[in-house]
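Here the protein sequences come in this chain order: A and B. Following our numbering, the numbering of the first sequence begins with 57 at its first residue and continues without gaps. Following our numbering, the numbering of the second sequence begins with 57 at its first residue and continues without gaps. For every residue, glycine included, the Cβ atom is placed at its ideal position computed from N, Cα and C. Beneath this line is the structure, given in structure tokens, with notes to follow.
Number of protein chains: 2
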Amino acid sequence: MAAEIPQWVKDLKPSEPQGVDILAQERKNSPINVAQLTDFLHGKEALDRKRKILSVLQSEPVFNKDQDYFDGRVDKWEKALARSKRLTTIALNNNWSDLDRRVANDLISEPLPYALHEGMYLVTIRGQGTPEQQKKYLKPAEEYRHIGCYAQTELGHGSNVRGLETTATWNADDKTFTIHSPHLTASKWWIGSLGRTANMACVMAQLIINGKPYGPHPFIVPIRDLNSHQLLPNVYAGDIGPKVGYNTMDNGYLLFNKVKVPHDAMMARFSAVDPKTSKYIRPASPALIYGTLTWVRSTIVLQSGSTLARGVTIATRYLAVRRQFQDRDAPQWEKGENQTLNYTMVQARLFPLLAATFALHFTGKGMMRLYEANQKNMQKKVTDQNNKRSAGPEETTPGSDLLADLHGTSCGLKSLCSSTAAEGLEVCRRAMGGHGYSAFAGVGSWYADYLPTVTWEGDNYMLTQQVARYLLKSARSVLKGNEPNNDTTEILSHYLKRQDTGSAFDVLGKDEDLVAAFAWRSSFFTFAALRARDEDKKSWNSLLVAFYNLSKAHSQYLVVKNFYETLQSTTNELDPETLGLMHKLFRLYALNTLVSESSEFFTSAACTTAQIRLAQQKALLQLFEEIRPHAVKLVDSWDFPDWQLNSALGKYDGKVYEDMFYRASVLNPLNHKVANPYPDSPVLYRNDAQSKYANILKDKARL
Amino acid sequence: MAAEIPQWVKDLKPSEPQGVDILAQERKNSPINVAQLTDFLHGKEALDRKRKILSVLQSEPVFNKDQDYFDGRVDKWEKALARSKRLTTIALNNNWSDLDRRVANDLISEPLPYALHEGMYLVTIRGQGTPEQQKKYLKPAEEYRHIGCYAQTELGHGSNVRGLETTATWNADDKTFTIHSPHLTASKWWIGSLGRTANMACVMAQLIINGKPYGPHPFIVPIRDLNSHQLLPNVYAGDIGPKVGYNTMDNGYLLFNKVKVPHDAMMARFSAVDPKTSKYIRPASPALIYGTLTWVRSTIVLQSGSTLARGVTIATRYLAVRRQFQDRDAPQWEKGENQTLNYTMVQARLFPLLAATFALHFTGKGMMRLYEANQKNMQKKVTDQNNKRSAGPEETTPGSDLLADLHGTSCGLKSLCSSTAAEGLEVCRRAMGGHGYSAFAGVGSWYADYLPTVTWEGDNYMLTQQVARYLLKSARSVLKGNEPNNDTTEILSHYLKRQDTGSAFDVLGKDEDLVAAFAWRSSFFTFAALRARDEDKKSWNSLLVAFYNLSKAHSQYLVVKNFYETLQSTTNELDPETLGLMHKLFRLYALNTLVSESSEFFTSAACTTAQIRLAQQKALLQLFEEIRPHAVKLVDSWDFPDWQLNSALGKYDGKVYEDMFYRASVLNPLNHKVANPYPDSPVLYRNDAQSKYANILKDKARL
């Protein structure tokens with residue numbers, strides 16, 4: 057197509073002013089030191105690593121993204137598999153660390169078919185296999201002779217893991233397990249990498265010994281022939297079909313018809329079947345496994361900031377370049393249209409999300425620190441106890457109090473942060489108006505691929521019950537007069553002490569009062585929920601909405617607190633001007649949340665209606681104005697290479713219209729098709745032999 | 057693939073209870089007369105028409121939807137063009153009315169490439185061409201020798217139509233216009249049917265006579281050769297590439313390099329260039345064109361109810377079949393899992409949307425009645441004035457007061473109702489958990505295709521400025537002491553009279569008070585905005601968020617009022633039980649809105665905090681419980697055939713898991729691909745010659 061573009065088209069430029077000049081001016085107008093802020097967010101080492109890996113990927117044709125938005129499902133998957141393979145080869149050849157690979161995946165920015173092999177199959181064997189099992193299963197998996205997946209979710213059961221239908225029945229006679237799918241709904245479903253790629257599966261199945269069920273356990277089961285790649289006998293598996301996004305991945309289904317696996321197929325580090333006695337060996341405390349779930353959720357929290365930041369980066373750059381209408385109150389002599397980023401209706405949608413990118417990022421980092429502190433703590437307790445009692449970790453429940461806090465916190469934050477990121481991306485997309493709907497905007501597919509995050513690792517609604525349970529438990533403990541042992545019980549105690557005095561938070565004047573108002577609201581609704589459940593004896597089901605709101609309130613408090621504390625502990629990493637701007641972003645995030653949730657702040661008397669009105673009508677507008685000059689540089693600090701964003705509208709240099717046009721005219725394969733536009737004719741003019749529908753209208757027999 | 061399914065797989069059934077039995081039971085448990093309610097919503101004639109057309113479409117292979125979710129972009133468009141052609145042939149052969157065709161499009165449920173030819177090109181010529189122009193351009197278009205599109209939006213300008221860059225310069229010497237694209241941003245963009253299909257375009261271009269601009273006007277311009285289907289000289293056009301949805305449509309770009317068209321290319325019914333004097337002939341009052349925009353927006357309002365109802369139907373049926381977890385408070389002896397539809401957290405998301413489907417539908421009908429009344433009124437005034445003064449319609453501005461009301465109302469409702477439908481669909485999708493993400497759920501693509509509606513025909517944020525302008529004008533008129541002349545000025549006057557007495561609405565006890573509370577809140581914020589603008593002299597830009605909220609408040613009032621009035625005027629069309637249930641849905645919709653917007657109801661003192669709390673904690677939960685037994689039958693009343701929904705999860709008979717499995721295993725083309733799973737190997741095992749990526753890893757030169 058490129059050759060066909062006439063010279064007069066090639067000579068055209070966008071009308072003045074040029075995007076390049078606009079963004080250059082934006083960057084000149086703000087004194088913010090982007091490099092410094094980038095270092096602060098990510099650290100120098102991470103940035104160097106990214107540069108290094110980016111240059112490797114960009115030099116590999118298979119990672120060229122030019123056609124990504126055009127590919128259909130089959131092509132998407134095939135290309136992604138090619139990328140998975142090449143990435144693995146590069147990683148092995150160059151001795152890349154796990155972190156290097158994660159960075160590469162981040163830059164490639166699409167789910168790859170090996171993901172579950174590396175992220176779940178290997179991890180499960182390493183974590184839950186005995187040394188003997190690791191010897192047998194780990195080596196071929198690490199050498200990519202086994203490509204595995206992790207088969208837990210079923211057609212009929214997701215959240216309720218205990219309800220899984222696939223069975224693993226112990227056969228005492230020949231020391232084997234029979235893996236079986238008794239119903240259609242027992243079919244494994246949604247299993248990443250299973251559809252076409254994997255030849256091995258780690259299958260969660262209900263262990264049955266002598267007719268008695270012992271709950272779900274992991275079993276390693278071969279599913280495809282290692283040479284012919286065909287399904288093994290009595291295994292039926294395939295790809296579950298297209299999805300809203302994630303179409304580079306072959307999520308699969310899997311059914312078994314009484315397939316026998318040996319005794320060592322059951323991952324036996326924590327629980328096992330004694331092959332001699334057929335007795336079930338009780339599992340260890342679930343603390344460590346619990347820990348893994350917490351780690352996964354913490355990672356989601358950490359990633360939510362940068363996930364959202366991609367959309368905010370694209371929208372901010374484009375809306376700075378985009379100009380539409382004159383300002384209605386502009387003086388007569390002022391010519392030209394206004395940058396859309398100058399409209400308060402755009403700022404009110406975009407700037408709170410810009411602030412949220414930092415809020416979520418700092419919260420994620422805080423969450424990770426909490427996780428690591430807890431891991432250390434647990435390790436220490438295990439060691440101490442081992443020294444004292446020579447007891448294995450199986451017999452202790454180390455640090456379970458801290459763990460409960462970590463569990464509650466990570467559930468609430470996973471729910472809030474991933475919802476904020478997902479919904480924020482869609483707000484960014486719509487704020488870009490018509491062009492936001494183009495695939496070339498780069499937000500639609502990113503959003504679609506991210507969407508599963510609000511459902512997996514605990515549905516964002518379901519999880520809030522865990523948070524409520526934790527808060528109710530904490531409140532009961534405080535009411536009993538127990539001393540506070542963590543931040544949650546701290547704020548609940550404080551609330552109890554002050555509840556007859558009421559609150560008087562200077563939310564517009566003092567940042568620490570703003571944090572305290574969020575703590576107050578969370579505590580108020582915790583005790584309200586407790587009364588409803590314990591005193592009014594309301595049913596659990598009737599309280600689910602209240603629990604959801606409570607979890608959100610508490611998690612918003614955590615985000616506000618993390619943002620605030622990060623800035624408090626920041627000294628010479630940021631110059632005073634940049635730090636001051638970050639404080640403004642903190643206030644913007646907190647006040648905007650306070651206004652959106654104003655009815656809860658009223659009801660709990662955490663602030664007055666006058667404060668809310670002032671926040672809405674004055675403080676926020678003021679903050680928009682103060683942040684506006686720095687918006688482009690603030691998103692620059694996230695440091696997304698153009699190659700990663702793959703967005704015409706988000707181009708760093710501002711050449712958004714040129715890139716839109718290039719992608720549409722030069723890269724677009726549909727423009728090779730010549731339609732025959734008349735009703736009673738073949739579909740395509742040249743009657744292309746490859747066209748599925750070329751002849752569909754010629755078959756007069758059907759008319 | 058079908059042949060490959062082993063017998064043991066074919067023998068599998070979902071675990072008990074079966075979806076079929078569950079939905080049968082749901083229908084048995086509710087006494088609602090579905091047929092009666094369906095008639096009430098749609099009318100018998102519409103139902104008969106739908107049945108007739110459905111049976112025609114189902115018998116045509118080109119409309120078979122089996123592969124729709126699997127097709128890539130190019131296939132999607134090609135199939136859609138084949139469908140457009142076939143549909144047109146059928147319609148012509150069977151003398152289908154416009155209404156018949158709309159029903160067919162509704163059942164097909166995807167944008168078709170002829171849509172803009174029929175919806176905009178023909179309409180523009182009919183509406184804006186002179187009789188001579190109609191003779192020349194209408195016949196070939198009606199005979200489908202010309203396939204047209206409507207080229208208004210440009211790469212650089214959408215909302216701001218006056219800012220369009222394409223020019224049409226009058227050449228007095230040879231009585232022609234030169235159509236030209238001076239910049240890249242002048243490229244027409246997003247133009248439906250233009251990318252590959254159309255050979256004619258109605259182009260909106262800035263009319264220039266003697267160097268003076270006269271604003272955008274419509275010109276008919278040939279763009280592709282009628283025989284070779286290649287672009288004409290100095291025309292450059294193509295498809296703009298893939299989008300979030302709408303990928304069956306070839307939205308296009310279009311550039312002109314000084315293309316000459318004759319004098320009659322400019323549609324001249326309302327304004328023209330005198331070929332002899334080169335003088336511009338002033339346009340008629342924009343009233344009639346204004347009317348068209350209002351009609352388009354009213355149609356969007358009318359369709360929003362059924363658009364949302366598709367998602368609600370699918371989610372309600374699936375969540376009745378889906379069972380997950382036992383109720384936490386369930387007695388020990390109760391076995392089995394709970395239907396997910398029984399959880400209040402699901403009900404709180406789904407039931408307000410169920411209520412909204414009816415609310416939007418009745419509001420749309422009300423909007424249409426208002427439009428038609430106004431059209432009649434205008435027609436009458438034109439006739440009267442013609443009789444009196446023999447003046448042509450060009451010189452009068454008939455019914456402009458009523459029109460302003462209609463304009464404000466249609467802008468606000470278009471914004472609110474299309475946002476409600478779009479966001480509601482996504483809520484439905486997420487409420488279905490993991491399976492909602494599957495293409496087979498049928499909600500994702502429907503949502504994606506609907507999304508442009510929140511941007512086109514007036515961006516949903518931009519439009520709210522029109523509503524605010526209208527409300528401010530109405531408030532000024534009321535303050536001046538003018539008598540109320542419509543419902544808006546009526547409620548504003550009432551508010552003024554009561555403003556020193558305050559309000560006391562029994563929102564939980566009386567339905568009419570609930571409506572009045574919404575009117576009060578709308579009026580309160582209208583006068584607040586007026587003070588901010590007229591007294592405090594705040595800038596227009598600083599008020600945009602307040603205007604947005606005001607428009608939403610007023611439009612929510614209109615929806616609540618329309619729902620209420622529809623039920624008030626309903627007598628024997630519905631039996632008392634069904635009518636009672638509709639009243640409950642009215643209360644659910646209104647109270648749920650009141651709770652979501654509670655801070656505005658507090659602030660305006662339209663109700664007390666106690667009322668809000670009671671609504672949230674008691675009334676809504678009570679309504680959920682009362683509506684729950686009828687949920688399945690209520691969605692049945694929307695009467696969507698399975699063929700239309702094309703959803704595994706929304707199947708009328710409840711066989712959701714069977715259908716998911718069938719689509720994944722039998723219909724899914726990806727399952728024909730056999731992967732070679734090892735990193736250092738070709739991508740596919742059989743090295744399929746059609747595979748784009750089969751050899752990509754073999755080219756060792758690149759490694």
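- Counting only the Cα atoms, glycine 301 (chain B) lies some 13 Å from leucine 168 (chain B).
- Looking at the DSSP output, histidine 273 (chain B) bridges to B:Ala261.
- As a beta-bridge residue in DSSP terms, tyrosine 336 (chain A) pairs with A:Val329.
- By the C-beta criterion, the region 679-692 of chain B is judged to be in contact with the region 363-375 of chain B, since at least 3 inter-stretch pairs fall below 8 Å.
- Assigned with DSSP and collapsed to three states, lysine 617 (chain B) falls in helix.
- According to the DSSP assignment, asparagine 149 (chain B) belongs to the alpha helix (DSSP H) that extends over 129-149.
- The beta-bridge partner set that DSSP reports for lysine 244 (chain B) consists of B:Glu210, B:Leu310.
- Between the region 199-212 of chain A and the region 248-256 of chain A there are three or more inter-stretch CB-CB distances shorter than 8 Å, so the stretches are counted as touching.
- Within 10 angstroms of the beta-carbon of valine 571 (chain A) lie 16 or more other beta-carbons, which makes it buried.
- Within 7 Å of the CB of glycine 75 (chain B), no CB atom of chain A is found; the nearest one sits about 10 Å away.
- Among the residues of the region 492-510 of chain A, those with a Cβ less than 7 Å away from any Cβ of chain B are Tyr493, Ser494, Ala495, Phe496, Gly500, Leu507, Pro508, Val510, in the order of the chain.
- Counting along the chain, aspartate 295 (chain A) sits inside the beta strand (DSSP E) bounded by residues 291-295.
- Taking every protein chain shown into account, the CB of aspartate 295 (chain B) has 16 or more other CB atoms within 10 angstroms, so this residue is buried.
- For valine 159 (chain B), the enclosing alpha helix (DSSP H) stretches over residues 154-164.
- Only exposed fits isoleucine 337 (chain A), as fewer than 16 other CB atoms lie within 10 angstroms of its CB.
- Beta-bridge partners assigned by DSSP to proline 318 (chain A): A:Thr232.
- For alanine 731 (chain B), the three-state secondary structure derived from DSSP is strand.
- Annotation: the region 558-592 of chain A contains the following complete segments of the alpha helix (DSSP H) (minimum length 4 residues), in chain order: 567-586.
- Between the C-alpha atoms of proline 87 (chain A) and serine 578 (chain A) there is a straight-line separation of about 38 Å.
- The beta carbon of serine 549 (chain A) lies closer than 7 Å to those of Val534, Pro540 in the same chain, with the five residues before and after it left out.
- In the three-state reduction of the DSSP assignment, tryptophan 502 (chain A) falls in the helix class.
- Cα atoms of glutamine 521 (chain B) and serine 466 (chain B): separation of roughly 13 Å, rounded to the nearest angstrom.
- Taken through DSSP and simplified to helix, strand or coil, threonine 627 (chain B) comes out as coil.
- In this chain, alanine 671 (chain A) is not harboured by any alpha helix (DSSP H), its DSSP state being neither H nor E.
- The three-state reading of DSSP puts arginine 379 (chain B) in strand, counting E and B together.
- Glycine 214 (chain A) and tyrosine 177 (chain A) have their C-alpha atoms roughly 19 Å apart.
- With its beta carbon less than 8 Å from one in chain B, proline 725 (chain A) belongs to the interface.
- Between the C-alpha atoms of valine 730 (chain B) and asparagine 516 (chain B) there is a straight-line separation of about 47 Å.
- In the DSSP assignment, threonine 223 (chain B) falls within the beta strand (DSSP E) that extends over 223-227.
- At a C-beta separation below 8 Å, phenylalanine 561 (chain B) has no neighbours in chain A, since its nearest C-beta there lies roughly 18 Å away.
- Taking 8 Å as the cut-off, the beta carbon of glycine 498 (chain B) is found no closer than this to the beta carbon of threonine 511 (chain A).
- With respect to chain B, the C-beta atom of proline 70 (chain A) has a partner C-beta closer than 8 Å.
- Around asparagine 732 (chain A), the beta-carbon contacts reaching into chain B at under 8 Å are His285.
- Residues are counted here when their Cβ sits less than 8 Å from a Cβ of chain A; for the region 231-242 of chain B these are Ser237, Pro238, His239, Leu240, Thr241, Ala242, given in chain order.
- Taking a Cβ-Cβ cut-off of 9 Å, the neighbours of alanine 404 (chain A) in chain B comprise Leu600, Val601, Tyr604, given in sequence order.
- Inter-residue distance for tryptophan 152 (chain B) and valine 329 (chain B) is about 38 Å (C-alpha atoms, whole angstroms).
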